[in-house]
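2 protein chains.
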Amino acid sequence: MIPQRNRRVILIQRPVGIPQASHFEIVESPIPELHSGQLLVRNEFLSVEPAMRGWLNATANYADPVAIGDTMRSFAAGTVIASKHPLYAEGDRVMGMLGWQEYAVTDGKPIRRKVLEADLPLSYSLGILGINGVTAYFALTEIGQPRPGDTVVVSTAAGAVGSAVGQLARIAGCRTVGITGGATKQQLCLEKFGFDAAVDYKSASFETDLAAATPNGVDIYHDNTAGYISDVVVRRINKRARIICCGTASVANWDDWPSGPRIERHLLNKAARMEGFLIWDYEHRYEEAVTRLAAWLRSGQLIHSEEILEGIEQAPGAIATLYRGENRGKLIVRLDHSAE
Amino acid sequence: MIPQRNRRVILIQRPVGIPQASHFEIVESPIPELHSGQLLVRNEFLSVEPAMRGWLNATANYADPVAIGDTMRSFAAGTVIASKHPLYAEGDRVMGMLGWQEYAVTDGKPIRRKVLEADLPLSYSLGILGINGVTAYFALTEIGQPRPGDTVVVSTAAGAVGSAVGQLARIAGCRTVGITGGATKQQLCLEKFGFDAAVDYKSASFETDLAAATPNGVDIYHDNTAGYISDVVVRRINKRARIICCGTASVANWDDWPSGPRIERHLLNKAARMEGFLIWDYEHRYEEAVTRLAAWLRSGQLIHSEEILEGIEQAPGAIATLYRGENRGKLIVRLDHSAE
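Protein chains in written order, with our numbering: chain S, 81 to 420; chain E, 81 to 420.
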């Protein structure tokens, strides 16, 4: 049965810095009749990711910001429940930019892919088989270019991208060192994600701990934080090191560029490379990454960790949760449609 | 006739920041008898380059610092006047790390190459056919990867490396914008080195001038300065821009890393690359660059500019001259042996 009402999370105030629950509101609206060429998706999982901060900030970024009053931009995964679109049929599992809402009427363009891994949870298409895993795969392989024996340091190592980078680097024969906050996440890095070492950036001995964990220096640094954490890592890079700028979670506001140590001389002396990574540059190679990641998941070489929040009411505060570092693994909002 | 005495410039005090004449002393010593496997070079030209600051600083760099009491490390070009070495004969023109001295007794290892371009001035082997030209060639082609239509910005554009980068970028079909200090050098960039535009970083309107000169943004930035000049350029980079860290002339002291705007977020948003360049990584490809550069010199597509200082007495103060930006083109010390 086609539902009549849709609940969605809209932006009501533009955040400066980290988006909070108060910047959003949940509104209800009717689901319009499908036109020819449209389909209706019942969203089952909504994604929460650090990049959302950038999608909300008014300043120039890699994408236009979400407008006030619009449904929050987001990846979501769900099932097609009605279709007047030639490429999609009822029952298809899909993921794409379907927004923080219970249902999405779409012309198909926002859909990234049909989720064909029927043996794996649909939610994985938002995490390890979605933007996070694909980011980890291309950032590490294309910019990092890991070689067996390299020392790879990863920040936010217990997070969705970081934990995947660490595991992929281990698969590539590297020594992996995770940086994370607190003993619990350290444990998670070592025991669940198989890092060779895990360092707590909140510890007073962070610098010496990192030095002890990287006795041969750092060949690849996958950076999800920027700021102080990166400053400590960057001083330890080897000749021809690769620094992947993938996220800037530890710096709350980039509207005015914050100050930090100048790295030009250091990059020069080390003939090192620092490069920004945008997943959008690899859209045409998405299936290549998903195929490999799914194979490693099935063989058990790769493990995915999720933290599930129940209900759309949880979505507005979820970005802040992420930036407080409270989640373990990929943060996802599950929508329960069973009562409908 | 084999000379008896050698004059050489030795380091007597370790500089902090820019090396001055007072950090050096000229001493005279006897020229020892040649052993088997050695040769004697009469230096005719001594090189002066920004990298010498790094060779003198005590802090970790890409090479061990020159020791107190040692002859100043330097490229020099000259003629073999006696040889007990199987690979070198009297009359050979050579260039290499022969030091700031009138004569060099060597086992051949410091010699970079025999200078075979008999139709071109020997001094060119220290500039456009030496470290400067080869640096420009590999930095631009390997890190910059210029494509026709790209906008290439070069700092210290009237200098030995910068002027070569600009010309090589023009040959590659790029729009070239030189940054330099003062109207005279601006003129030089436009009229002699053929830049499409030249901008004076000392001008109060530097930022708006650069914006006007790069209406389509910046695809490649060859940076010889770091600091404020770079901060202005980096804000104008395009998606997938390449920033070549080749020199840091505008920052006097790197012993404590100076502060500047953090660029992680900017590199990320632009999926841009920033990479340090060390010529030593390309030693095995030296002749490839020299061959191409010599061909462009002969065809007139490439022009080399030199400023010659007369006599070894000029060497100690020459690095400071360079950092004051007073030279036009490659700074060289000529040694006159005609009276001997």
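Positions of the beta carbon are idealized from the N, C-alpha and C atoms, including for glycine.
Give the straight-line distance between the Cα atoms of residue i and residue j, rounded to the nearest whole angstrom.
| i | j | result |
| --- | --- | --- |
| residue 149 (chain E) | residue 102 (chain E) | 14 Å |
| residue 259 (chain S) | residue 241 (chain S) | 13 Å |
| residue 327 (chain E) | residue 292 (chain E) | 25 Å |
| residue 178 (chain S) | residue 96 (chain E) | 58 Å |
| residue 319 (chain E) | residue 370 (chain S) | 26 Å |
| residue 342 (chain E) | residue 340 (chain S) | 5 Å |
| residue 329 (chain E) | residue 305 (chain E) | 4 Å |
| residue 267 (chain S) | residue 355 (chain S) | 30 Å |
| residue 395 (chain S) | residue 222 (chain E) | 46 Å |
| residue 181 (chain S) | residue 358 (chain S) | 25 Å |
| residue 74 (chain S) | residue 296 (chain S) | For residue 74 (chain S) there is no data in the structure shown, the boundaries of chain S being 81 and 420. |
| residue 388 (chain E) | residue 151 (chain E) | 21 Å |
| residue 228 (chain S) | residue 252 (chain S) | 6 Å |
| residue 334 (chain E) | residue 131 (chain E) | 13 Å |
| residue 192 (chain S) | residue 397 (chain S) | 25 Å |
| residue 94 (chain E) | residue 104 (chain E) | 9 Å |
| residue 273 (chain E) | residue 383 (chain E) | 7 Å |
| residue 367 (chain S) | residue 202 (chain S) | 16 Å |
| residue 257 (chain S) | residue 360 (chain E) | 30 Å |
| residue 350 (chain E) | residue 214 (chain S) | 19 Å |
| residue 415 (chain S) | residue 362 (chain S) | 29 Å |
| residue 210 (chain E) | residue 345 (chain S) | 22 Å |
| residue 347 (chain E) | residue 336 (chain S) | 15 Å |
| residue 406 (chain S) | residue 129 (chain S) | 13 Å |
Please go through the same chain and pick out, in chain order, the residues whose beta-carbon is closer than 6 Å to the beta-carbon of residue i, but skip the five residues on each side of it.
| i | result |
| --- | --- |
| residue 255 (chain S) | 231 and 276 |
| residue 127 (chain S) | 154, 155 and 206 |
| residue 301 (chain S) | 233, 313 and 323 |
| residue 245 (chain S) | 216, 220, 234 and 302 |
| residue 299 (chain S) | 230, 231, 318 and 321 |
| residue 224 (chain S) | 300, 322 and 324 |
| residue 108 (chain E) | 85 and 87 |
Residues of chain E with CB under 8 Å from residue i, in chain order?
| i | result |
| --- | --- |
| residue 328 (chain S) | 344, 345 and 348 |
| residue 351 (chain S) | 142, 355, 356, 357, 358 and 361 |
In its own chain, which residues sit with a C-beta less than 7 Å from the C-beta of residue i, not counting the 5 before and 5 after it?
| i | result |
| --- | --- |
| residue 188 (chain E) | 119, 165, 167 and 168 |
| residue 332 (chain E) | 97 and 98 |
| residue 212 (chain E) | 240, 241, 244 and 410 |
| residue 194 (chain E) | 172, 173 and 174 |
| residue 145 (chain S) | 135, 136, 137 and 138 |
| residue 83 (chain E) | 111, 183 and 420 |
| residue 311 (chain E) | 340 and 341 |
| residue 381 (chain E) | 251 |
| residue 117 (chain S) | 164, 165 and 187 |
| residue 309 (chain S) | 235, 259, 281 and 330 |
| residue 401 (chain E) | 407 and 411 |
List, in order along the chain, the chain E residues whose C-beta lies closer than 7 Å to that of residue i?
| i | result |
| --- | --- |
| residue 104 (chain S) | Chain E residues near residue 104 (chain S): none, gap ~23 Å exceeds 7 Å. |
| residue 136 (chain S) | Correct list: empty, because the minimum Cβ distance to chain E is about 14 Å. |
| residue 339 (chain S) | 339, 340, 341 and 342 |
Which whole-angstrom value describes the C-beta separation of residue i and residue j, a residue pair presumed to lie in contact below a C-beta threshold of 8 Å?
| i | j | result |
| --- | --- | --- |
| residue 303 (chain E) | residue 235 (chain E) | 5 Å |
| residue 111 (chain E) | residue 85 (chain E) | 7 Å |
| residue 174 (chain E) | residue 160 (chain E) | 6 Å |
| residue 106 (chain E) | residue 373 (chain E) | Actually they do not touch by this definition, with Cβ atoms about 33 Å apart. |
| residue 238 (chain E) | residue 408 (chain E) | 6 Å |
| residue 377 (chain E) | residue 200 (chain E) | 6 Å |
| residue 125 (chain S) | residue 157 (chain S) | 5 Å |
| residue 413 (chain E) | residue 392 (chain E) | 7 Å |
| residue 270 (chain E) | residue 278 (chain E) | 5 Å |
Mind listing the chain S neighbours of residue i? Cutoff is C-beta to C-beta under 7 Å, in chain order.
| i | result |
| --- | --- |
| residue 325 (chain E) | 344, 347 and 348 |
| residue 334 (chain E) | 345 |
Leaving aside the five residues before and after residue i along the sequence, list all residues of the same chain whose C-beta is less than 8 Å from its C-beta, in chain order.
| i | result |
| --- | --- |
| residue 283 (chain E) | 289 |
| residue 307 (chain E) | 328, 330, 331, 338 and 340 |
| residue 92 (chain S) | 103, 104, 105, 148 and 149 |
| residue 197 (chain S) | 204, 205, 209, 370 and 374 |
Practice task
Give, in chain order, every residue of the region 291-316 of chain E whose Cβ lies closer than 8 Å to some Cβ of chain S.
Solution key: 303, 306, 307 and 310
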